[in-house]
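At position 369 of the sequence shown (counting the first as 1) the number is 1509 in the numbering used here, and the numbers step up by one without a gap.
A virtual CB, placed ideally from N, CA and C, is assigned to each residue, including glycine.
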Amino acid sequence: MYRPFPNLGDILKKEGSSIFDYFDFDPDQPPFPTKEVAVLQGSWYEMGLQYGQQARDSLHRRVAFFLQLDRSKAETYDKLYDDMKEYIAHYQQFFPEFVKLLHGMADGAKLGFLDVAATHTIYTPLSEHSCSHVSAWGKATADGGIYGGANWDYEGNLRVYEPAVIAYPDNGHAFISASGIATNAMINDAGVMVLSSGSQHKLPKDHKDIGFQYMVGFLYISAKCATAAEARDALLNANIACNIGNNVQIVDQTLDAFILEHTARMDIMRKSGDYGEQDYLIATNHFLAPEMKPSLYSGDQEWIDCQYRYDTEEQVIKENYGKVTLDTINQALGSTRTFVDGRWEDEIWSMEPTAGVSRGEWSPENVSVTCKCVNRGLIDLKKRTLYIIAGCGNTLASERPYAAGTASRLVLKGSPKEVLENSKMHAQVQLFLAGKDLTGQTMPDQDKIERLNKAKSALYAGHNYMNLADCSLDRNERLRLYGMAATRYSYCQCMAQQAMDDPQRIVRESFYLESWEELI
């Protein structure tokens, strides 16, 4: 069934071999300005094969990133591959479908199975000083919606090339991931939202814990769980997020919502109201539960910015309480200001560290030398909708070249074709609204006109890819072309928004938009 390709360590044992005998990507190629899209459907092996084919370039880059990281810990490729076998056995016991997915990814991208497996394992203790997430519902919101979002903060070379994923497994829930096969902002068709951020835990360097790499756990929840209660059981029973401090937030359509504060040694669940929240939840990279405090760094090693980012996001929610929308969630996660000691501060560019951390890391959208917001996912759970901003909202601070700073949208529908039709319509609506704004100007900005024309060109590229897809009798080819069409429609949406008067607004209410969406 599988078509095994040799692993990198085996290739490099041959005299005269080179890493370029294995990796197939252009190191000089920059990432796409907006989020690309991969569309998957079928068995878990088939979805892996499709992902490996559609995201081949980004998967090769991901393997290169993780192998240089993991080999520095394992010292040799042989030791790394031996370590992988224990984790694969754990996956085989608790999530055998994922092993099939890995085989498919390896076969589709023509990579070694153990190399691909290594990109989904954390086998030494790790504290993640990155990411944050926010959700709000009920009395906090303007309309009773269920909204959430998460920043993925990291050095840009990990997630920046990965596509968003729309997946329809034969056995499991359909889901959307904001980046790659799984990430820290996901939704499924049952109405379960998964958000997460890293956190701290102090463990000896030789500690070893066998379990799920945390993103694999979020994939399991998205594909397997219909309720927050099922997700809670999965988190606790399958050792999800082993070897790492983590804050995992789950919200379902019944408003069962919680954050699991997690280390390899302890799990504590907190809910809205436990620490003064009212119909909202927030997490950065520290813990609120007293039982978890011993896992936090202290003294000269304290991560002082975690509380500042938490306070900033909470203040945005409080200032808009009763009026929170998805735009409010975006404002909280995208803030480059900091709420400190009861007042707003705008000083973010100082390179001088305060308590060991530069001031730019105090804001939710980090403005620091290395760690950036690589990706932001914003979720309207009731509408099964995920908005994606590739890179920072502040495009000048973003390391992503030609970043749009605006949001593309994917809506989870009954089939891949329905998702594409909705994406196309949303692109056309954005073009209409951009044209409306520019028409109302006496002297339209020529740069905005150029962006609008780029959006229009992408619209027709999307049409052409979708037409080709619908002519194909090969499902894998059809899905690949759907992904290319969705990528162009997403680019169209983002570029059209750049031509608008208020480009970073997420939800644009209009009779035109609402009436057309009722038809799809």
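| Item | Value |
| --- | --- |
| Unbroken stretches of the beta strand (DSSP E), 3 residues or longer, contained in the stretch 1441 to 1469 | none |
| Range of the contiguous beta strand (DSSP E) that encloses residue 1484 | 1483 to 1485 |
| Neighbourhood of residue 1616 by C-beta distance below 6 Å, restricted to the same chain and skipping five residues each side | 1190 |
| DSSP state of residue 1326 mapped onto helix, strand, coil | strand |
| Nearest-angstrom Cβ-Cβ length linking residue 1528 and residue 1545, presumed shorter than 8 Å | Rounded, the Cβ-Cβ distance is 12 Å, inconsistent with contact. |
| Candidates 1333, 1332, 1626, of which the one nearest residue 1607 by Cα | 1626 |
| Contacts around residue 1224, its chain only, beta-carbon distance under 7 Å, and the 5 residues preceding and following it disregarded | 1254, 1257, 1258, 1261 |
| Residue burial classification, residue 1509 (beta-carbon count within 10 angstroms, cutoff 16) | exposed |
| Residue 1312, DSSP secondary structure in three states | coil |
| 6 Å Cβ shell around residue 1507 - same chain, five flanking residues per side excluded | 1476, 1488, 1500, 1537 |
| Residue 1277, DSSP secondary structure in three states | coil |
| Residue 1615, DSSP secondary structure in three states | helix |
| DSSP state of residue 1156 mapped onto helix, strand, coil | coil |
| For residue 1660, three-class secondary structure by DSSP | Since pLDDT at residue 1660 reaches only 48, below the 50 mark, its modelled position is unreliable, and the value read off the structure follows with that caveat. If DSSP states are grouped into helix, strand and coil, residue 1660 belongs with coil. |
| Burial state of residue 1611, where buried means 16 or more other Cβ atoms lie within 10 Å | exposed |
| Range covered by the beta strand (DSSP E) that runs through residue 1292 | 1287 to 1294 |
| CB contact flag (residue 1358, residue 1332, <8 Å) | no |
| Alpha helix (DSSP H) segments (min. 4 residues) lying fully within the stretch 1365 to 1438 | 1368 to 1377 |
| Residue 1586 - partner residues in DSSP beta bridges | DSSP, once it has assigned bridges, lists no residue as partnering residue 1586. |
| Residue 1512 - partner residues in DSSP beta bridges | 1294 |
| Close-in-space but distant-in-sequence residues of the same chain around residue 1584 (CB under 6 Å, 5 per side omitted) | 1578 |
| Buried versus exposed call for residue 1173 [16 or more other C-beta atoms within 10 Å across all chains shown] | buried |
| Outcome for residue 1643 when other beta-carbon atoms lying within 10 angstroms are tallied against a minimum of 16 | buried |
| Residues bridged to residue 1530 (per DSSP) | 1515 |
| Residue span of the alpha helix (DSSP H) that contains residue 1233, given as start and end | 1217 to 1234 |
| Minimum C-alpha distance to residue 1639 - residue among 1567, 1609, 1337, 1385 | 1567 |
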